[in-house]
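*Asks:* Okay, so the sequence shown: first residue is 217 according to this note's numbering, each after it adds one.
Please find one structure pasted underneath; my questions will follow.
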Amino acid sequence: MSTLIIWIGLCLVFSVVFVRRMHFVLAAVIVVRILVPGVVQNEVMPGLHPSMYLFLCFVLVQLAFAPSIFGRVIRSAGVWPQAILGGIAAVMMTDVGNPGSAGLLDTTMFVLGIVWAPYYVFVFMRYSIRSAPAAGKVFLVTFVLLGLAEAVLSQIQVATGRPLVWESDFSRIWLNGTQSELGAAIGTFGHGIQVGVFFAALMPLLALIRSMFLRFALAAVLLVTVPLAYGRMGLILTIVGFVFLVIIGGRRILRSVLLATVVAVALLVSIQGVAGEKLLHKFEDDNGSAALRVAAFDWFWEHTSEFFTGGYPGSRDLKGMGTLGSSLENGYFMMALMFGILVVVAFFVFMACLLLGHFKIKERDSWPGVAAAALIIVSINGYSSIGGNSIDIHLFWFVLAMASYRSSRNPRLVESAQRVSSRRLPGQGGSSSFPAGRVPAS
Numbered sequence: 217m218s219t220l221i222i223w224i225g226l227c228l229v230f231s232v233v234f235v236r237r238m239h240f241v242l243a244a245v246i247v248v249r250i251l252v253p254g255v256v257q258n259e260v261m262p263g264l265h266p267s268m269y270l271f272l273c274f275v276l277v278q279l280a281f282a283p284s285i286f287g288r289v290i291r292s293a294g295v296w297p298q299a300i301l302g303g304i305a306a307v308m309m310t311d312v313g314n315p316g317s318a319g320l321l322d323t324t325m326f327v328l329g330i331v332w333a334p335y336y337v338f339v340f341m342r343y344s345i346r347s348a349p350a351a352g353k354v355f356l357v358t359f360v361l362l363g364l365a366e367a368v369l370s371q372i373q374v375a376t377g378r379p380l381v382w383e384s385d386f387s388r389i390w391l392n393g394t395q396s397e398l399g400a401a402i403g404t405f406g407h408g409i410q411v412g413v414f415f416a417a418l419m420p421l422l423a424l425i426r427s428m429f430l431r432f433a434l435a436a437v438l439l440v441t442v443p444l445a446y447g448r449m450g451l452i453l454t455i456v457g458f459v460f461l462v463i464i465g466g467r468r469i470l471r472s473v474l475l476a477t478v479v480a481v482a483l484l485v486s487i488q489g490v491a492g493e494k495l496l497h498k499f500e501d502d503n504g505s506a507a508l509r510v511a512a513f514d515w516f517w518e519h520t521s522e523f524f525t526g527g528y529p530g531s532r533d534l535k536g537m538g539t540l541g542s543s544l545e546n547g548y549f550m551m552a553l554m555f556g557i558l559v560v561v562a563f564f565v566f567m568a569c570l571l572l573g574h575f576k577i578k579e580r581d582s583w584p585g586v587a588a589a590a591l592i593i594v595s596i597n598g599y600s601s602i603g604g605n606s607i608d609i610h611l612f613w614f615v616l617a618m619a620s621y622r623s624s625r626n627p628r629l630v631e632s633a634q635r636v637s638s639r640r641l642p643g644q645g646g647s648s649s650f651p652a653g654r655v656p657a658s
């Protein structure tokens, strides 16, 4: 509890210092969510993930010290999206009366930390990007630096056979309390699948970098590292993201194709060794993983009537109870087990509608954020995800906010930023003072 109190105090101070530069606090939220794995959050502090405590402190500070800006941010989210999300959250809370429920406190923390807070991080990020063009660059640099850090860490983990970060926690969770050699790159996430998902989400965002050489150099780093996680889904999604990067990469088609070829060759060379052999073996023999997924799928559809409108009334730890040989291995299925199929369908449609609403055919700068978010929606189908407190839901909202990013090459953005700058009130620094209805559209 003392750790939590100290952390909240630091979060409040940090939020007050940057009250007029909200994008720095939001960038810190992204950093903390990536660097502190969800699987150890309860070991760090009770209740929510540390990044969500930081965001809640940020919201309180904004409400207290910049109420007018806070009001504009909330209005910019629109009435209906907030009402729909509030309705979904309210229905989730009714699970408290279910015999299989985790209880009032845990259910509240899940709804707050997985459903409510990440969405409002997106709302504040989007407002920040639209009102201050520099904010988008701060977020982009944050994503790139985190990607490089995860890539370097993954390479060192494979070379040394040790987690290096969160070592005692990861050893207890994955290595059964021993100091056995680490079998794959797990980054700061604790699992190779999440490394692949993170790299896949970053790949489309690289299209926002102006330098083509830097763009493809970073893509090469991610592509040669992702095989070390030994995850089929992560590798496939990262390659899909790279194809998107090549297609949208720039007007100089020949140069783009040549650089893409170099990156592809680097990938092929990187998988010629042990990493390639292990990946090929997983494609040929997945050690029963496919059979376990089929069994989980069959169980899910055979019991849909038991949790169609509400959570499953029995124990939700199907593997622990011996019902299945694994978890349901699908984030949406696991969320349905907790709150009911109808709630999950509503939440999925909510996410999909917001994603499609941010896709602007004539605004190419919106495509990378939308593409990254779409890859995450797909990835949630591939493993425990939401049920394992993974990064997916948070990362979905983080990258979707980047769909509002507009490069300085866009003359409409420059003109809009100049208009916003001329309307700022004295003392408001980087935060704009224009009405919500005049926020530049994405």
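We treat Cβ as the ideally placed atom computed from N, Cα and C, and that holds for glycine.
I'd like the span of the alpha helix (DSSP H) that includes His-574, first residue to last.
*Replies:* Run containing His-574: none; DSSP gives neither H nor E here.
*Asks:* Following a CB-centred definition, is Ile-607 positioned closer than 7 Å to any heavy atom of the ligand ZN?
*Replies:* The model on display carries no ligand, and the ligand ZN is accordingly not part of it.
*Asks:* If you draw a straight line from the alpha carbon of Cys-227 to that of Leu-321, how long is it in whole angstroms?
*Replies:* Distance between the alpha carbons of Cys-227 and Leu-321: 22 Å.
*Asks:* I need the boundaries of the alpha helix (DSSP H) containing Met-325, first residue and last residue.
*Replies:* Looking at the DSSP string, the run of the alpha helix (DSSP H) that includes Met-325 is 320-326.
*Asks:* If you count every other CB in all the chains shown that lies within 10 Å of the CB of Val-559, and 16 or more means buried, which is it?
*Replies:* So Val-559 counts as buried.
*Asks:* Per DSSP, what kind of secondary structure is Leu-483 in: helix, strand or coil?
*Replies:* Residue state, collapsed to three classes: helix.
*Asks:* If you reduce the DSSP assignment to three classes, tell me which class Thr-219 lands in.
*Replies:* DSSP places Thr-219 in helix when its eight states are reduced to three.
*Asks:* Take Ala-588 and list the residues in its own chain whose beta-carbon comes closer than 6 Å to its own, dropping the five residues that flank it on each side.
*Replies:* Closer than 6 Å at the Cβ level, and outside the excluded window around Ala-588, lie Ala-417, Pro-420, Leu-421, Val-615.
*Asks:* Report yes if the C-beta distance between Met-554 and Phe-612 is below 8 Å; otherwise report no.
*Replies:* It is not a contact, given that the beta carbons lie outside the stated cut-off.
*Asks:* Are the Cβ atoms of Gly-547 and Ser-601 separated by less than 8 Å?
*Replies:* Yes, the Cβ-Cβ distance between Gly-547 and Ser-601 is below 8 Å.
*Asks:* Just checking, does the segment 306-316 make contact with the segment 263-277 on the three C-beta pairs under 8 Å criterion?
*Replies:* Contact fails: fewer than three Cβ-Cβ distances are below 8 Å.
*Asks:* Is Ser-347 helix, strand or coil by DSSP?
*Replies:* Here Ser-347 sits in helix by DSSP.
*Asks:* Could you spell out the range, first to last residue, of the alpha helix (DSSP H) harbouring Ala-665?
*Replies:* The structure shown does not extend to residue 665, since the chain spans only 217 to 658, so no value can be given for it.
*Asks:* With 16 as the cutoff for other CB atoms within 10 Å, does Lys-334 come out buried or exposed?
*Replies:* Note that residue 334 is Pro in the sequence shown, not Lys. Buried: at least 16 other Cβ atoms inside 10 Å.
*Asks:* Can you look up Arg-288 in the DSSP assignment and give me helix, strand or coil?
*Replies:* Arg-288 falls in the helix class under three-state DSSP.
*Asks:* Among His-519, Gly-225, Ile-557, which one has its Cα closest to the Cα of Thr-539?
*Replies:* Among His-519, Gly-225, Ile-557, the Cα nearest to that of Thr-539 belongs to His-519.
*Asks:* For the segment 369-380 against the segment 398-413, are there 3 or more C-beta pairs whose distance is under 8 Å?
*Replies:* Yes, since at least three Cβ pairs between the segment 369-380 and the segment 398-413 fall closer than 8 Å, the two stretches touch.
*Asks:* Buried or exposed for Pro-584, please, with buried defined as at least 16 other CB atoms from any protein chain shown within 10 angstroms of its CB.
*Replies:* When all chains shown are included, Pro-584 counts as buried.
*Asks:* Rounded to whole angstroms, what is the Cα-Cα separation between Gly-556 and Asp-533?
*Replies:* Rounded to the nearest angstrom, the two C-alpha atoms are 15 Å apart.
*Asks:* Looking only at C-alpha atoms, which of Leu-430, Trp-515, Ile-455, Val-331 sits nearest to Leu-475?
*Replies:* Selected option, being the one with the closest Cα: Leu-430.
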